[in-house]
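Residue numbers (this note's numbering): 113 to 397.
Ideal Cβ placement from N, Cα and C applies to all residues, glycine included.
These numbers come from a predicted model, not from an experiment.
Reviewing the structure listed below.
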Ligand SMILES: NC(=O)c1ccc[n+]([C@@H]2O[C@H](COP(=O)([O-])OP(=O)(O)OC[C@H]3O[C@@H](n4cnc5c(N)ncnc54)[C@H](OP(=O)(O)O)[C@@H]3O)[C@@H](O)[C@H]2O)c1
């Protein structure tokens with residue numbers, strides 16, 4: 113079996129490539145900036161240029177592959193066309209199976225980031241390719257920024273109310289992807305992949321207290337107050353609006369549905385919030 117992994121220059125794609133190499137799988141690591149993957153080449157991956165916007169690179173990268181791990185792109189607003197180009201190239205190359213990283217409940221969610229994932233899932237369903245969809249919940253690492261705020265002020269400020277987040281570490285989500293890529297019985301399945309526990313921002317503050325070794329509290333504000341605070345801190349209108357919208361999605365429960373699917377794939381509990389945060393925090397030091 114050979115697996116082509118896209119986005120292998122990114123955080124998640126790299127972890128998936130490393131996990132597949134550890135499992136003895138024949139891996140093609142695809143990305144725009146091949147010079148960033150020299151270490152993966154040294155470890156035995158075949159490193160190829162793979163740019164969603166350049167179809168010739170897709171055809172070359174996918175030639176002869178059995179399985180494609182399509183890590184969703186990071187250029188919000190352009191991703192449906194980009195993912196569509198990869199799916200078309202996979203079909204043309206005779207790839208049998210695609211595993212795609214999506215968003216929680218992408219088909220029904222109000223999450224601001226869900227529509228591109230929903231559209232990609234629809235392209236995959238229409239493609240005729242054997243597909244597994246990994247609907248990854250939020251990365252625990254996303255909350256390092258909240259820890260930075262907490263380290264400076266002793267507070268985490270948001271408008272999520274009691275909305276819960278069933279986050280998981282990138283390492284756990286990558287290990288789940290490797291389990292799917294190397295295991296049987298996953299064809300045609302859609303998995304909601306989450307941490308074992310959906311936490312509140314009061315629990316986030318308690319975890320931050322442990323990681324930082326100083327008291328941290330969560331202060332809930334209205335969306336308007338949050339937007340004003342973000343603008344005062346120097347964020348532009350678009351970014352501030354995006355952050356507030358994500359908090360409103362969280363408040364409404366868009367990230368709060370914990371499942372045991374990732375735990376089952378891993379064969380062990382997922383990494384607790386405080387441990388995932390501590391690792392991510394020390395990586396920033
Ligand atoms: N669940 C979550 O909390 C969460 C959070 C953020 C993002 N995501 C999604 O999950 C994906 C993986 O997460 P991550 O942490 O690994 O993100 P990341 O570190 O930002 O990596 C994104 C990857 O996508 C690649 N990419 C973007 N546009 C591309 C293009 N036109 N052609 C080829 N490659 C392209 C990037 O390549 P370059 O290195 O060349 O830029 C990079 O390898 C993200 O891309 C995003 O779709 C999920």
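Check: residue i C-beta below 7 Å from any heavy atom of ligand 1
| i | result |
| --- | --- |
| residue 183 | yes |
| residue 151 | no |
| residue 123 | yes |
| residue 145 | yes |
| residue 359 | no |
| residue 303 | no |
| residue 162 | yes |
| residue 187 | yes |
| residue 311 | no |
| residue 332 | no |
| residue 251 | yes |
| residue 78 | The structure shown does not extend to residue 78, since the chain is modelled only from 113 to 397, so the question has no answer here. |
| residue 213 | yes |
| residue 257 | no |
| residue 369 | no |
| residue 276 | no |
| residue 400 | This structure cannot speak to residue 400, because the chain is shown only from 113 to 397. |
| residue 172 | no |
| residue 165 | yes |
| residue 282 | yes |
| residue 322 | no |
Integer-rounded CB distance, given that residue j should sit under 8 Å from residue i
| i | j | result |
| --- | --- | --- |
| residue 226 | residue 205 | Going by Cβ atoms, the distance from residue 226 to residue 205 rounds to 29 Å, so no, they are not a contact pair. |
| residue 249 | residue 291 | Contact doesn't hold; Cβ gap of about 16 Å is too wide. |
| residue 385 | residue 265 | Actually they are not in contact, since the Cβ atoms of residue 385 and residue 265 sit about 20 Å apart, beyond 8 Å. |
| residue 242 | residue 358 | Actually they do not touch by this definition, with Cβ atoms about 33 Å apart. |
| residue 168 | residue 149 | Rounded, the Cβ-Cβ distance is 19 Å, inconsistent with contact. |
| residue 369 | residue 304 | 7 Å |
| residue 116 | residue 136 | 17 Å between Cβ atoms; not a contact. |
| residue 75 | residue 341 | Past the edges of the chain, shown from 113 to 397, lies residue 75, and the structure says nothing about it. |
| residue 140 | residue 177 | 6 Å |
| residue 375 | residue 302 | The pair is not a contact, with the Cβ atoms about 17 Å apart (cut-off 8 Å). |
| residue 308 | residue 372 | 7 Å |
Option in the options with minimal Cα separation from residue i
| i | options | result |
| --- | --- | --- |
| residue 122 | 235, 144 and 391 | 144 |
| residue 259 | 319, 246 and 293 | 319 |
| residue 337 | 187, 159, 115 and 271 | 271 |
| residue 244 | 268, 254 and 232 | 232 |
| residue 352 | 345, 339, 359 and 127 | 339 |
| residue 173 | 189, 196, 207 and 390 | 207 |
| residue 134 | 201, 381, 293 and 196 | 293 |
| residue 240 | 199, 347 and 342 | 199 |
| residue 171 | 152, 209, 128 and 197 | 197 |
| residue 236 | 192, 322 and 127 | 192 |
| residue 238 | 220, 203 and 345 | 203 |
| residue 363 | 307, 334 and 373 | 334 |
| residue 306 | 356, 151, 289 and 220 | 289 |
| residue 321 | 360, 372, 356 and 387 | 387 |
| residue 221 | 361, 373 and 130 | 361 |
| residue 345 | 230, 154, 153 and 261 | 261 |
| residue 146 | 118, 219, 298 and 217 | 118 |
| residue 263 | 325, 163 and 254 | 325 |
| residue 127 | 152, 367 and 114 | 152 |
| residue 389 | 323, 349 and 379 | 323 |
Near ligand 3: residue i beta-carbon under 7 Å from a heavy atom
| i | result |
| --- | --- |
| residue 194 | In terms of ligand content, the structure shown lacks ligand 3 and carries ligand 1 instead. |
Touching by the beta-carbon criterion (3+ pairs, under 8 Å), the stretch 329-349 and the stretch 377-396: With a cut-off of 8 Å on Cβ pairs, the stretch 329-349 is not in contact with the stretch 377-396, counting fewer than three such pairs.
Meets three-Cβ-pair contact criterion under 8 Å: the stretch 311-323 and the stretch 266-277: With a cut-off of 8 Å, the stretch 266-277 and the stretch 311-323 count as touching, because enough Cβ pairs lie within range.
contact_flag[the stretch 282-302, the stretch 211-219] where n(CB pairs < 8 Å) is 3 or more: The count of Cβ pairs closer than 8 Å, one atom from the stretch 282-302 and one from the stretch 211-219, reaches three, so the stretches are in contact.
At least three beta-carbon pairs within less than 8 Å, the stretch 176-183 to the stretch 148-164: Because the criterion of three Cβ pairs below 8 Å is not met, the stretch 176-183 and the stretch 148-164 do not touch.
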